[in-house]
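The opening residue of the sequence shown carries number 52 in the working numbering; numbering runs sequentially from there.
Quick reminder that beta carbons are idealized off the backbone N, C-alpha and C, glycines included.
Bear in mind the structure is a predicted one, so any value in this text is a computation, not a measurement.
Working notes, structure below.
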Amino acid sequence: MTGRHPLARFSAATVSDALDRLGLPGSMLGIAPLHDGARLCGRAFTVRYVTAGSPPGTVGDYLDDVAPGEVVVLDNGGRTDCTVWGDILTAMAADRGVAGTVIDGVCRDVRRALDAGYPIYSRGRFMRTGKDRVEVSDVGRPVSVGGVQVRAGDLVLGDADGVLAVPRAAEEQVL
Numbered sequence: 052m053t054g055r056h057p058l059a060r061f062s063a064a065t066v067s068d069a070l071d072r073l074g075l076p077g078s079m080l081g082i083a084p085l086h087d088g089a090r091l092c093g094r095a096f097t098v099r100y101v102t103a104g105s106p107p108g109t110v111g112d113y114l115d116d117v118a119p120g121e122v123v124v125l126d127n128g129g130r131t132d133c134t135v136w137g138d139i140l141t142a143m144a145a146d147r148g149v150a151g152t153v154i155d156g157v158c159r160d161v162r163r164a165l166d167a168g169y170p171i172y173s174r175g176r177f178m179r180t181g182k183d184r185v186e187v188s189d190v191g192r193p194v195s196v197g198g199v200q201v202r203a204g205d206l207v208l209g210d211a212d213g214v215l216a217v218p219r220a221a222e223e224q225v226l
């Protein structure tokens with residue numbers, strides 16, 4: 052598993068149990084890995100999308116600001132009719148050492164992610180682009196993914212069972 056955080060040595064199920072015991076949300080419902088071997092651990096870099104306006108805004112210019120080891124967490128409102136992540140972003144993120152991507156929505160061009168071993172967690176796959184359909188509205192602000200609020204800097208951990216977020220303020224309690 053990527054990341055050197057002490058929680059990285061535990062499974063998502065174990066950390067989910069700890070969150071439950073503390074009465075904390077964190078397990079992202081309906082967000083699954085592209086493949087069973089996927090694992091990730093890193094700090095959240097949050098991005099929220101909204102329906103595109105006229106003229107439409109950008110969909111992926113934030114990637115230059117993501118630090119190596121961070122996890123890109125994308126709130127596309129659970130939309131499954133268009134994607135916000137594909138092969139170009141996968142290639143750039145993998146080259147920059149990004150720990151993975153979590154999407155409340157769908158991804159496309161999954162062959163690139165699978166071949167590169169780049170971890171993506173999403174609601175599924177669909178080939179239609181989000182270009183001119185959605186646009187970035189917020190970067191670095193709280194987002195909602197799988198019914199869980201994720202703040203920039205929260206710890207994101209995922210494996211074959213799914214993905215979760217541990218609020219930064221609760222990490223020691225969860226550990």
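- Sequence-distant partners of residue 218 (beyond 5 residues in either direction) whose C-beta falls short of 6 Å from its own C-beta, in its chain, are 205.
- According to the DSSP secondary-structure assignment, residue 201 is paired through a beta bridge with 194.
- Between residue 197 and residue 80, the gap from beta carbon to beta carbon is short of 8 Å.
- Residue 134 is a Cβ neighbour of residue 179, given a cutoff of 8 Å.
- Here residue 169 carries a coil assignment [DSSP, helix/strand/coil].
- Within the same chain, and ignoring the five residues on either side of residue 173 in sequence, the residues whose Cβ sits closer than 6 Å to its Cβ are 154, 157, 158.
- Residue pairing from DSSP places residue 151 in a beta bridge opposite 122.
- Under the Cβ criterion (8 Å, minimum of three pairs), the stretch 186 to 202 does not count as touching the stretch 52 to 67.
- Note that the C-beta distance between residue 96 and residue 124 is below 8 Å.
- Cα atoms of residue 70 and residue 193: separation of roughly 19 Å, rounded to the nearest angstrom.
- For residue 210, there is no enclosing alpha helix (DSSP H); the enclosing beta strand (DSSP E) covers residues 206 to 210.
- In this structure residue 72 is exposed. Its beta-carbon is surrounded by fewer than 16 other beta-carbon atoms within 10 angstroms.
- Secondary structure of residue 112 (DSSP, three-state): helix.
- Short of 6 Å from the beta carbon of residue 141, and not among the five residues preceding or following it, lie these beta carbons of its own chain, in chain order: 163, 164, 169.
- Residue range 63 to 72 is occupied by the alpha helix (DSSP H) that includes residue 66.
- The beta carbons of residue 102 and residue 177 sit no closer together than 8 Å.
- The beta carbon of residue 62 lies closer than 8 Å to those of 210, 212 in the same chain, with the five residues before and after it left out.
- Approximately 6 Å separates the beta-carbon atoms of residue 122 and residue 91; this is inside 8 Å, confirming the contact.
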